[in-house]
């Protein structure tokens, strides 16, 4: 009897694709490098406020009407302040280089103010000479349709500074409890819960190694009037003037109430608000520069250790 032909052996099954958890585990070293230190090591980095600057929540709720928008002391201090500003700029430049080289933590500077409050001028003055490789400025305008299709924090989170970077927000996530409130763009039931969400968001940032420095530039109604008139009178500044500015000015009291609520509800131990008197630009610039330099100093960025074996290297002719 003839033997039965053995059946063809089935092909060996294709190996099961590597589970995603294993792939993550294999990248453990990369994750450790991307998250330097334990989150517990990222303690609050809070600079002491320069004279005349108010820290919200330190002693009592912030009352903007009680904060003098003029700099303390004599106007004669301008010349001395200009010299001091140069020293603070030098500190920022040196510390920014260390922060960039260290590549382990980052700084977010949030600037808020009413129209003509001086955000643009502050950024130009304070960050003069800073290496643009390590600093990014974002100015948030009316949301695009894509941004409106996401949660209100999405467009801000995607521009947060990465490790080694300084990020500056000219206007910020606070617009979503400021202008949307004053202009009634969304119901109160939508904007009011955002205070707690913003606090959670900033806590996440600080726990992830990003120091959050929030500065409100405080000017008076009379100073705003003078600055608007200055724009109208100077042909080279008229491009800055928009008739809509006058409409917004009519809502001065509403904006002050909205700012005050945001300052008080979102001044936390890990990310307090600093109110800087901003009528006098020389004082404003110096105070902001000192806050930034002191925050960077408290972060204590350090140059990486040199690579081993450099002592024996010679550069050929």
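Residue numbers (full-length UniProt numbering): 1 to 317.
Glycine residues also receive a C-beta, built at the ideal position from the N, C-alpha and C atoms.
All of these numbers come straight from a predicted model, not from anything done at the bench.
On the premise that residue 272 lies in contact with residue 57, defined as a C-beta separation below 8 Å, what is that separation, rounded to the nearest angstrom?
-> Along the chain shown, read from residue 1 onward, the residue named residue 57 stands at position 57. Along the chain shown, read from residue 1 onward, the residue named residue 272 stands at position 272. Contact holds; Cβ gap of about 6 Å.
At which residues does the alpha helix (DSSP H) containing residue 259 begin and terminate?
-> For the purposes of this step, residue 259 is taken as residue 259 along the chain shown, with counting starting at 1. From DSSP, the alpha helix (DSSP H) with residue 259 extends over 252-265.
Leaving out five residues before and five after residue 69 in sequence, what residues of the same chain have Cβ atoms less than 8 Å from its Cβ?
-> The residue you call residue 69 lines up with position 69 of the chain shown. So the list reads 218, 219, 220, 223, 277, 278, 279, once near-sequence residues are dropped.
Cβ pair count under 8 Å reaching 3, the region 119-137 against the region 283-296 | Taking 8 Å as the limit for Cβ pairs, the verdict is that the region 283-296 does touch the region 119-137.
Consult DSSP for residue 105 and reduce its assignment to one of helix, strand or coil.
-> Here residue 105 refers to the residue found at position 105 when the chain shown is read from its first residue. Three-state DSSP puts residue 105 in coil, outside helix and strand.
May I have the straight-line CA-CA distance separating residue 81 from residue 176, to the nearest angstrom?
-> The residue given as residue 81 occupies position 81 in the chain shown. The residue given as residue 176 occupies position 176 in the chain shown. So the two alpha carbons sit approximately 35 Å from each other.
From 105, 91, 71, 115, residue whose alpha carbon lies closest to that of residue 246 | Taking the chain shown and counting its residues from 1, the one referred to as residue 246 is at position 246. Taking only the C-alpha atoms, the option nearest residue 246 is 115.
Leaving out the 5 sequence neighbours to the left and right, which residues in its chain are closer than 7 Å to residue 282 when beta-carbon positions are compared?
-> For the purposes of this step, residue 282 is identified with residue 282 of the chain shown, where counting begins at 1. Same-chain partners within the cutoff: 78, 81, 82.
Work out the CA separation of residue 310 and residue 239 for me, nearest whole Å.
-> The count along the chain shown starts at 1 and reaches residue 239 at position 239. The count along the chain shown starts at 1 and reaches residue 310 at position 310. If I take the Cα positions, the gap works out to 55 Å.
Where does residue 228 sit, in a helix, a strand or coil, going by DSSP?
-> Residue 228 sits at position 228 when you count from the first residue of the chain shown. Three-state result, residue 228: helix.
Do you know how far the Cα of residue 201 is from the Cα of residue 307?
-> Along the chain shown, read from residue 1 onward, the residue named residue 307 stands at position 307. Along the chain shown, read from residue 1 onward, the residue named residue 201 stands at position 201. Each residue's alpha carbon lies about 37 Å from the other.
Buried or exposed: which applies to residue 268, given that a residue is buried once 16 or more other Cβ atoms fall within 10 Å of its Cβ?
-> Here residue 268 corresponds to residue number 268 of the chain shown, with the count starting at 1. In this structure residue 268 is buried. Its beta-carbon is surrounded by 16 or more other beta-carbon atoms within 10 angstroms.
With 16 other Cβ atoms within 10 Å as the buried cut-off, status of residue 334 | The first residue shown for the chain is 1 and the last is 317, placing residue 334 beyond what the model contains.
Between 191, 164, 236, which lies nearest to residue 208 when the distance is taken from Cα to Cα?
-> Taking the chain shown and counting its residues from 1, the one referred to as residue 208 is at position 208. Comparing Cα-Cα distances from residue 208 to each of 191, 164, 236, the minimum goes to 164.
How long is the line joining the alpha carbons of residue 167 and residue 107, rounded to whole angstroms?
-> Indexing the chain shown from 1 puts residue 167 at position 167. Indexing the chain shown from 1 puts residue 107 at position 107. Going by C-alpha positions, residue 167 is about 6 Å away from residue 107.
Quickly, what does DSSP pair residue 167 with across the bridge? List them, please.
-> The count along the chain shown starts at 1 and reaches residue 167 at position 167. According to DSSP, residue 167 bridges with 108, 136.
Would residue 98 count as contacting chain D if we go by Cβ distances under 8 Å?
-> No chain D appears in the structure shown, which is made up of a single protein chain.
First and last residue of the uninterrupted alpha helix (DSSP H) at residue 156 = Within the chain shown, residue 156 is the residue found at index 156, counting from 1. Segment 154-157, the alpha helix (DSSP H) holding residue 156.
When 300, 204, 180 are compared against residue 270, the one with the closest alpha-carbon = Locating residue 270 in the chain shown gives position 270, counting from the first residue. Here the closest residue by C-alpha is 204.
Are residue 172 and residue 110 close, meaning C-beta to C-beta below 8 Å?
-> For this step, residue 172 is matched to residue 172 along the chain shown. For this step, residue 110 is matched to residue 110 along the chain shown. In this structure, residue 110 lies closer than 8 Å to residue 172 by Cβ.
Assign residue 211 to one of three DSSP states: helix, strand, or coil.
-> Sequence index remark: in the chain shown, residue 211 carries index 211 (1-based). When secondary structure is reduced to three states using DSSP, residue 211 falls in the strand class.
Do residue 263 and residue 303 have their CB atoms nearer than 8 Å?
-> Against the chain shown, residue 263 aligns to sequence position 263. Against the chain shown, residue 303 aligns to sequence position 303. Taking the C-beta atoms as reference points, residue 303 is found no nearer than 8 Å to residue 263.
By Cβ distance below 6 Å, which residues in the same chain neighbour residue 100 in space, the five residues on each side in sequence not counted?
-> As a working mapping, residue 100 is identified with position 100 in the chain shown. Here the set comprises 134, 164.
Alpha carbon to alpha carbon, what distance is there between residue 294 and residue 50?
-> Position 50 of the chain shown holds residue 50. Position 294 of the chain shown holds residue 294. Taking the straight line from one Cα to the other gives about 10 Å.
Would you decide whether residue 40 is buried or exposed? Buried here means 16 or more other CB atoms lie within 10 Å of its CB.
-> As a first step, residue 40 must be located in the chain shown, where it is residue number 40. Below a pLDDT of 50, predicted positions are generally treated as unreliable, and residue 40, at 45, falls in that range; no measurement from the model is reported.
Rank 292, 254, 196 by C-alpha distance to the C-alpha of residue 85 and give the top, closest one.
-> Locating residue 85 in the chain shown gives position 85, counting from the first residue. Nearest option by C-alpha distance: 292.
Return helix, strand or coil for residue 216, following the three-state DSSP convention.
-> For the purposes of this step, residue 216 is taken as residue 216 along the chain shown, with counting starting at 1. DSSP places residue 216 in the strand class (E or B) of the three-state scheme.
Determine, using beta carbons only, whether residue 67 and residue 55 come nearer to each other than 8 Å.
-> Taking the first residue of the chain shown as 1, we reach residue 67 at position 67. Taking the first residue of the chain shown as 1, we reach residue 55 at position 55. Not a contact, by the Cβ cut-off of 8 Å.
Take residue 188 and list the residues in its own chain whose beta-carbon comes closer than 8 Å to its own, dropping the five residues that flank it on each side.
-> Working through the chain shown from its first residue, we reach residue 188 at position 188. Cβ within range, chain order: 181.
In this structure, does DSSP put residue 71 in helix, strand or coil?
-> On the chain shown, position 71 is the one that residue 71 refers to. Here residue 71 sits in coil by DSSP.
Let me know the secondary structure DSSP gives residue 190 once reduced to three states.
-> The sequence position of residue 190 within the chain shown is 190, counting from 1. DSSP, reduced to helix, strand and coil, places residue 190 within a helical segment of the structure shown.
Grab me the residues of residue 232's own chain with a C-beta within less than 8 Å of its C-beta, minus the 5 sequence neighbours each way, in chain order.
-> To locate residue 232, count along the chain shown from 1; it is residue 232. Within the same chain, Cβ atoms closer than 8 Å to the Cβ of residue 232 are found at 238, 241, the five residues on either side in sequence being excluded.
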